[in-house]
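Chains as they are written, first to last, in our numbering: chain A, 1 to 364; chain B, 365 to 863.
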Ligand code: SF4
Ligand code: SF4
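1) Hey, would you say the C-beta of residue 611 of chain B is under 8 Å away from at least one heavy atom of ligand 2?
2) With contact counted as at least three CB pairs below 8 Å, one residue from each stretch, are the segment 116-133 of chain A and the segment 90-106 of chain A in contact?
3) For residue 714 of chain B, which three-state DSSP category applies?
4) Going by DSSP, which residues form a beta bridge with residue 146 of chain A?
5) When DSSP labels each residue in this structure, what does residue 691 of chain B get in the three-state scheme?
6) What does residue 341 of chain A touch in chain B if you count any residue whose Cβ is under 9 Å from its own?
7) Between residue 406 of chain B and residue 716 of chain B, what straight-line distance do the alpha-carbon atoms span, to the nearest angstrom?
8) Taking the alpha-carbon of residue 722 of chain B as reference, which of B:583, B:570 and B:705 has the nearest alpha-carbon?
9) Taking only beta carbons into account, state which residues of the segment 7-26 of chain A come closer than 8 Å to chain B, listed in chain order.
10) Determine the direct distance from the alpha carbon of residue 307 of chain A to that of residue 251 of chain A, and round the result to whole angstroms.
11) At least one CB of chain A closer than 9 Å to the CB of residue 723 of chain B: is that the case?
12) Is any heavy atom in ligand 1 found nearer than 8 Å to the beta carbon of residue 739 of chain B?
13) For residue 505 of chain B, which of B:562, B:557, B:529 and B:435 has the nearest alpha-carbon?
14) Got a list of residues with beta-carbon closer than 7 Å to any non-hydrogen atom of ligand 2, in chain order?
15) Note down, in chain order, each residue of its chain lying with its Cβ closer than 8 Å to the Cβ of residue 300 of chain A, except the 5 sequence neighbours on either side.
16) To the nearest angstrom, report how far apart residue 102 of chain A and residue 54 of chain A are at their CA atoms.
17) Could you tell me which residues DSSP pairs with residue 407 of chain B in its beta bridges?
18) Determine the extent of the alpha helix (DSSP H) in which residue 252 of chain A is found, giving its start and end residues.
19) Is residue 792 of chain B close to chain A, meaning its C-beta is less than 9 Å from at least one C-beta of that chain?
20) Using C-beta distances below 8 Å, list every residue in its chain close to residue 736 of chain B, excluding the 5 sequence neighbours before and after it, in chain order.
21) Hey, quick one: how far does the beta strand (DSSP E) through residue 672 of chain B stretch, first residue to last?
22) If you measure from the beta carbon of residue 366 of chain B to each beta carbon in chain A, is any gap under 9 Å?
23) Can you tell me whether residue 740 of chain B is helix, strand or coil according to DSSP?
24) Expressed to the nearest angstrom, what Euclidean distance is found between the alpha-carbon atoms of residue 627 of chain B and residue 213 of chain A?
25) Check for me: the alpha helix (DSSP H) holding residue 578 of chain B runs from which residue to which?
26) To the nearest angstrom, how far is the alpha carbon of residue 786 of chain B from that of residue 647 of chain B?
27) Any heavy atom of ligand 1 closer than 8 Å to the Cβ of residue 876 of chain B?
28) Can residue 545 of chain B and residue 559 of chain B be called in contact, C-beta distance under 9 Å?
29) Pick out whichever of B:428, B:675 and B:592 has its Cα sitting closest to the Cα of residue 662 of chain B.
30) Which two residues bound the contiguous beta strand (DSSP E) that contains residue 601 of chain B?
31) When DSSP labels each residue in this structure, what does residue 810 of chain B get in the three-state scheme?
32) Taking Cβ-Cβ distances below 9 Å as the criterion, which residues of the segment 737-769 of chain B are in contact with chain A?
33) So, does the segment 668-683 of chain B touch the segment 580-588 of chain B, judging by three or more C-beta pairs under 8 Å?
34) Given a cut-off of 9 Å, decide if residue 448 of chain B and residue 481 of chain B are closer than it, judged by their beta-carbon atoms.
35) Within 9 Å (strictly less), CB to CB, does residue 58 of chain A reach chain B?
36) Using a C-beta cutoff of 9 Å, does residue 547 of chain B count as contacting chain E?
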């Protein structure tokens, strides 16, 4: 296989970029850090525990597979990709979810989502989203228990030990009162009961388009501003390009704008769509995953637009209140096709690969 | 606005890479001249095409500039003595070639006098016919000094035939570390400009565009001054972006024209010559001097006094490194630039016409990071100046599917190395491509050979078959005769026995 060609040790170019894979992954982690820390503050110790458990198990899953294949695990773990997979998955879980949800998800992400396909670079689907969807389908109840923010500074917030108890044993009765619904979920449930948005939304704690993100939701999805800030950092560092995030957010915003204008009592506003659920996290950190998105600019625009549009469709008319994960997976499946048909134009050739005509004036 | 610019637009072209250029301080050091070494080793193949054929004998005394070896075939170049002295050997040496194979070379022992032979300067080259200029350029052994080493006169004739309107002069020198062209333009701008005007005359071009990367302000200023009197010679600063010095990319940047795949630049009305080639043409015509020396950049972390050195061809890398001094044993020696240069096995290799630089890297510069798995980040695709998909080509080659790689137009790859440079997984992409290109051309050759062999085998089989047939026929005939004879004999005996 990879041994059919064994290149000599050194060949041109003799200069290499200072970038490397671990550095890319570490920068992404750094860009996620503010939103994550905000999530910790917002939802307290249980969130911290869940985050650690999810990452731990996704690293463990990766190491296990490598051991089974008799490959050294440490160098691969150091590339940071399993860490990032676990991290992204943790950010998309309900912050007070029980430990086994994170553990199962972490293992599923790296084993089924990634190593089964052949490891880094070989997987068709985004591992974190594969795991999230698997959890959502297998444990719909546990995946939709949300809590209202209970900041660490709040005396009612669970301490380290209580937090551990919550993560390990489920929600104790003392904290029953804090369960809540996400804005998208609430709106969907109420709509299905025939209560329109004008009435249902007033009962949600924080306004849907509150920029601070202090509301019920996944561990790291609500802090839209911090996520967008992290995304901008990645743009500045040129780790990602603007194509996917801009296309995705635009493709959510445009239908939202149209339908909200048509019937504001049935369709959420653009701001609510962009600022809630996994829109920001998805646009900057998940849809932009190198491995599972197209690698030409045009392809990325199409891919991003697809994810955005499907997200809107699923949220609005589908069975689930949130659609980013499904939309990402659907577009992941289309990525090979997009890559196949949207190739960059080659110098001296037209888009279809035919050599350009030689201009008349010079052949005369 | 500034920050938005950074996201949405990049400075200059949207291809290529911007490696740390390491050009200074070497580029700013004054030009030095290497004293002629005791012995010069002059390979017969310093150009693309047929190797030159020696016309001197061992023991023969030669003067500087005297013909040592003549061109052989349509595409070839003669070679001249870089100094006066005596031919002491004609034999094989290790030549600067990726294969590291031995090559025929003439060894010249300098007599220390550096005495010129006869020269035939032309006072007014513009009074000569284009054909005469091409002839003199060819006789002076001038080849493309940007690295391609294609015989210049052949290109002149091509340009003339295809009615090229614009001469593009390549002063890009986009390879990191190198500054020999920069140095030439700083110190000898008027030679370059005169040479390029002679080339314009030779190919019948109406104007010339000189592309110089913006990171060489001194060269740009000197060239602008030298080109001032000539309205049809324009000095054009171009963005410093590798591989700006690649012909196709420079043509596109300067004229907006793209050279169609499988076509030559001359077919879109332009011809590219390097600035050093222009200076060599100037010397060949105005001074009657053949190409026997050049400016070589000696640079890299292991060099004590990096800079540009004027050196006779045939001087060895060791002579140059001895001249500039080393701070440490080089961890790697490279001929040319770090992006497309050739690895040198040792320092006893001579300087040839196309040698723009010698790099002696220290251990840090020579570090090769371990290759990892492709993360499909697309950096290689964005960097490729040809618009290819390096990761897809490499995937197919890794799987042994060379035809698959060809469908991604592997043959359009200019081996610039941008993809491998940017790859965060440090995958040696260019190696895959050169391996595949080599393998494909070997297959092509063996296909031809196989076809010929198959024909021979078929002919042989047909012959054998015919022979067997004939033998069988002959045997059958003999058998029939024998049988008939037997029958006759039996008949007789029967008759004899019957009574
Ligand atoms: S730059 Fe390297 S890692 Fe990135 S897609 Fe290309 S080959 Fe893969
Ligand atoms: S594929 Fe070829 S042309 Fe493109 S960047 Fe790589 S080496 Fe250069």
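The beta carbon of each residue, even a glycine, is placed where N, CA and C say it ideally should be.
Let's see:
1) On the second chain, residue 611 of chain B is found 247 positions in, with the first residue counted as 1. No, ligand 2 has no heavy atom inside 8 Å of this Cβ.
2) yes
3) Taking the second chain and counting its residues from 1, the one referred to as residue 714 of chain B is at position 350. DSSP places residue 714 of chain B in strand when its eight states are reduced to three.
4) Walking along the first chain from the start, residue 146 of chain A turns up at place 146. Answer is A:180.
5) Taking the first residue of the second chain as 1, we reach residue 691 of chain B at position 327. Coil at residue 691 of chain B, not helix or strand.
6) Locating residue 341 of chain A in the first chain gives position 341, where the first residue counts as 1. Under the 9 Å cutoff, chain B gives no residues; its nearest Cβ is about 13 Å from residue 341 of chain A.
7) As a first step, residue 406 of chain B is located in the second chain; it is residue number 42 there, counting from the start. As a first step, residue 716 of chain B is located in the second chain; it is residue number 352 there, counting from the start. Cα-Cα distance, rounded: 8 Å.
8) As a first step, residue 722 of chain B must be located in the second chain, where it is residue number 358. Considering only alpha carbons, the answer is B:705.
9) 7, 8, 9, 10, 11, 12, 13, 14, 15, 16, 17, 19, 20, 21, 23 and 24
10) Translated into positions along the first chain, residue 251 of chain A becomes position 251. Translated into positions along the first chain, residue 307 of chain A becomes position 307. Approximately 8 Å between the Cα atoms of the pair.
11) Looking up residue 723 of chain B in the second chain gives position 359. Output row for residue 723 of chain B: interface = yes.
12) Position 375 of the second chain, counting from 1, holds the residue named residue 739 of chain B. For ligand 1, a non-hydrogen atom lies closer than 8 Å to the CB of residue 739 of chain B.
13) Counting from one through the second chain, the residue named residue 505 of chain B turns up at place 141. Nearest option by C-alpha distance: B:435.
14) B:744, B:747, B:748, B:749, B:750, B:752, B:754, B:757, B:777, B:778, B:779, B:780, B:781, B:782, B:783, B:784, B:793, B:794 and B:797
15) Here residue 300 of chain A refers to the residue found at position 300 of the first chain. Only residues of its own chain outside the window of five on either side were considered, and among them 241, 243, 244, 247, 293 and 294 have a CB closer than 8 Å to the CB of residue 300 of chain A, listed in chain order.
16) Within the first chain, the letter at position 102 stands for residue 102 of chain A. Within the first chain, the letter at position 54 stands for residue 54 of chain A. Taking the straight line from one Cα to the other gives about 4 Å.
17) The count along the second chain starts at 1 and reaches residue 407 of chain B at position 43. Per DSSP, B:469.
18) Within the first chain, the letter at position 252 stands for residue 252 of chain A. First-last of the alpha helix (DSSP H) with residue 252 of chain A: 243-262.
19) Against the second chain, residue 792 of chain B aligns to sequence position 428. With 9 Å as the cut-off, residue 792 of chain B counts as an interface residue toward chain A.
20) Numbered from its first residue, the second chain carries residue 736 of chain B at position 372. If we look at residue 736 of chain B and ignore the five residues flanking it on each side, its Cβ neighbours are 789, 790 and 791.
21) Against the second chain, residue 672 of chain B aligns to sequence position 308. Note, residue 672 of chain B: beta strand (DSSP E), 671-676.
22) Within the second chain, residue 366 of chain B is the residue found at index 2, counting from 1. Here residue 366 of chain B scores only 42 on pLDDT, less than 50, and its place in the model is too uncertain to base an answer on.
23) Along the second chain, one-based indexing puts residue 740 of chain B at 376. Residue 740 of chain B: coil per DSSP, three-state reduction.
24) Working through the second chain from its first residue, we reach residue 627 of chain B at position 263. Working through the first chain from its first residue, we reach residue 213 of chain A at position 213. So the alpha carbons of these two residues sit roughly 59 Å apart.
25) By one-based count along the second chain, residue 578 of chain B stands at place 214. It is not in any alpha helix (DSSP H) - residue 578 of chain B carries neither H nor E in the DSSP assignment.
26) Walking along the second chain from the start, residue 786 of chain B turns up at place 422. Walking along the second chain from the start, residue 647 of chain B turns up at place 283. Distance between the alpha carbons of residue 786 of chain B and residue 647 of chain B: 40 Å.
27) Because chain B in this structure spans residues 365 to 863, residue 876 of chain B falls outside the shown range and cannot be described.
28) In the second chain, residue 545 of chain B corresponds to position 181, counting from 1. In the second chain, residue 559 of chain B corresponds to position 195, counting from 1. Against a cut-off of 9 Å, the Cβ pair of residue 559 of chain B and residue 545 of chain B comes out as no contact.
29) By 1-based counting over the second chain, the position of residue 662 of chain B is 298. With distances taken between Cα atoms, residue 662 of chain B lies closest to B:675.
30) Against the second chain, residue 601 of chain B aligns to sequence position 237. Residue 601 of chain B -> beta strand (DSSP E) spans 597-602.
31) For the purposes of this step, residue 810 of chain B is taken as residue 446 along the second chain, with counting starting at 1. Residue state, collapsed to three classes: helix.
32) 737, 738, 739, 740, 741, 742, 743, 744, 745, 746, 748, 749, 750, 751, 752, 753, 755, 756, 761, 762, 763 and 764
33) Under the 8 Å Cβ criterion, the segment 668-683 of chain B does not count as touching the segment 580-588 of chain B, having fewer than three qualifying pairs.
34) Sequence index remark: in the second chain, residue 481 of chain B carries index 117 (1-based). Sequence index remark: in the second chain, residue 448 of chain B carries index 84 (1-based). It is a contact, given that the beta carbons lie within the stated cut-off.
35) Residue numbering aside, residue 58 of chain A sits at position 58 when the first chain is read from its first letter. By this cut-off, residue 58 of chain A is not an interface position.
36) Among the chains of the structure shown, chain E does not appear; the protein chains present are A and B.
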